[in-house]
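Position in the sequence shown (first residue = 1) + 86 = our numbering. Note that the Cβ used here is the ideal one computed from N, Cα and C, for glycine as well. None of the values given here were measured: they were computed from a predicted structure. Structure first, commentary second.
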Amino acid sequence: STLHEAYLNRTKKILIIMKFKLLALIAVLSLCAGKAYSQGGIFLSQYYQNLPGFNPGLTGATDFLDIRTGTRQQWVGFDGAPKTYFVSANGVIKPKVNPYRKNSLRTSQPEDGLSSYTPVSKLKWGLGGYVLKQEQGPFDQMQAMLNVASHIAVTERTYLSLGIASGISNYRVNLSEVVVADQVNDATYNMFMANGFNNTYASLSAGVALYSDLYYVGISSLQLSRTLLSGNDLLNKDGNNRIFHAV
87 STLHEAYLNR TKKILIIMKF KLLALIAVLS LCAGKAYSQG GIFLSQYYQN
137 LPGFNPGLTG ATDFLDIRTG TRQQWVGFDG APKTYFVSAN GVIKPKVNPY
187 RKNSLRTSQP EDGLSSYTPV SKLKWGLGGY VLKQEQGPFD QMQAMLNVAS
237 HIAVTERTYL SLGIASGISN YRVNLSEVVV ADQVNDATYN MFMANGFNNT
287 YASLSAGVAL YSDLYYVGIS SLQLSRTLLS GNDLLNKDGN NRIFHAV
């Protein structure tokens, strides 16, 4: 009898734990409810090959001129498979420090507001950019961005950086490669034919990062702001959603 009661008590505890886990899972899924998009933004599996493209704050994180190029192809052997090409370059600019700054003759003490400043040697700037081209069947995307980042030393080997990227993005579709079953009654196809699909935008992105020569961590908002320069924005109404990256 005692063994039976112990078995029942253990079974009740297991059921309570399972119920708690189920409720927790439902709560998490409820918080995550909403629109989600897969493969948003740049299609690169090895994102670290173009870090400034994912986080402008990492522009100039290396102390040398970093030039890279790459390509990626998905679903090899399928017509219209996604393809990505990119070329990127970024480097660091360190302000020069006057070697005679501390050797000058002083006749008075500096003001309090000037005595507790961050030395120029602890500040550096990153400058770079990239060109990206993506193809997905009849859809084409071309993007050219210029990146600028400010890096401040928080310890001897660790920097905190803030970067922005600005440039031009172009999206178009080659209607000659599109085949529809009913060209007369297909509303989307007729909209494309009437208005075209070749949109050009001015884009702005931003990112912040904390890094050293051993690690990096950061978060960025790509497509933080986007302004239509030419084309028909109604054909790409979902394209203004912000894209976030954590690296």
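Which value, in whole angstroms, describes the spacing of the CA atoms of residue i and residue j?
i	j	result
residue 315	residue 288	7 Å
residue 279	residue 149	50 Å
residue 146	residue 133	16 Å
residue 160	residue 240	41 Å
residue 285	residue 256	6 Å
residue 303	residue 168	29 Å
residue 229	residue 163	26 Å
residue 297	residue 330	19 Å
residue 136	residue 277	36 Å
residue 237	residue 178	9 Å
residue 318	residue 290	20 Å
residue 151	residue 176	6 Å
residue 225	residue 310	23 Å
residue 252	residue 263	31 Å
residue 120	residue 266	Caution is warranted here: a pLDDT of 47 is assigned to residue 120, below 50, making its placement in the model unreliable, and the coordinate value is therefore given only provisionally. Their Cα atoms are separated by approximately 31 Å.
residue 324	residue 299	Here residue 324 scores only 49 on pLDDT, less than 50, and its place in the model should not be relied on; the value that follows carries that caveat. When rounded, the distance between both Cα atoms is 39 Å.
residue 308	residue 268	37 Å
residue 210	residue 248	11 Å
residue 254	residue 181	29 Å
residue 292	residue 208	22 Å
For residue i, which of helix, strand or coil comes out of DSSP?
i	result
residue 116	Confidence at residue 116 is low in this model, with a pLDDT of 48, below 50, so the placement of that residue should be treated as unreliable; the coordinate-derived value is given next. Note: residue 116 maps to helix in three-state DSSP.
residue 365	What the structure shows of the chain is the stretch from 87 to 333, and residue 365 is not part of that stretch, so it cannot be assessed.
residue 249	strand
residue 143	helix
residue 301	coil
residue 225	strand
residue 150	coil
residue 125	Because the pLDDT at residue 125 is just 43, under 50, the model does not fix this residue reliably, and the point stays unresolved.
residue 167	coil
residue 180	coil
residue 283	coil
residue 204	At residue 204 the pLDDT is 44, less than 50, meaning the model places this residue with poor confidence; the figure from the coordinates comes in the next sentence. DSSP places residue 204 in coil when its eight states are reduced to three.
residue 260	coil
residue 267	coil
residue 274	helix
residue 211	strand
residue 155	strand
residue 233	strand
residue 244	coil
residue 173	strand
residue 294	strand
residue 309	strand
Going by the CB atoms, is the gap between residue j and residue i shorter than 8 Å?
i	j	result
residue 294	residue 140	no
residue 305	residue 142	no
residue 222	residue 166	yes
residue 283	residue 312	no
Quick check on the burial criterion: 16 or more other C-beta atoms within 10 angstroms. Buried or exposed for residue i?
i	result
residue 212	buried
residue 301	exposed
residue 144	buried
residue 138	buried
residue 261	exposed
Any Cβ of chain D within less than 8 Å of the Cβ of residue i?
i	result
residue 235	In the displayed structure, chain D is absent; only one protein chain is listed.
Could you check whether the Cβ of residue i sits closer than 7 Å to any heavy atom belonging to the ligand ZN?
i	result
residue 230	Annotation note on the ligand ZN: not contained in the displayed structure, which lists no ligands.
Three or more C-beta pairs below 8 Å linking the region 216 to 225 and the region 169 to 184: yes
Stretch-stretch touch, CB-based, cutoff 8 Å, three pairs: the region 270 to 286 with the region 230 to 239: no
The region 241 to 259 / the region 154 to 165 touching (three or more Cβ pairs under 8 Å): no
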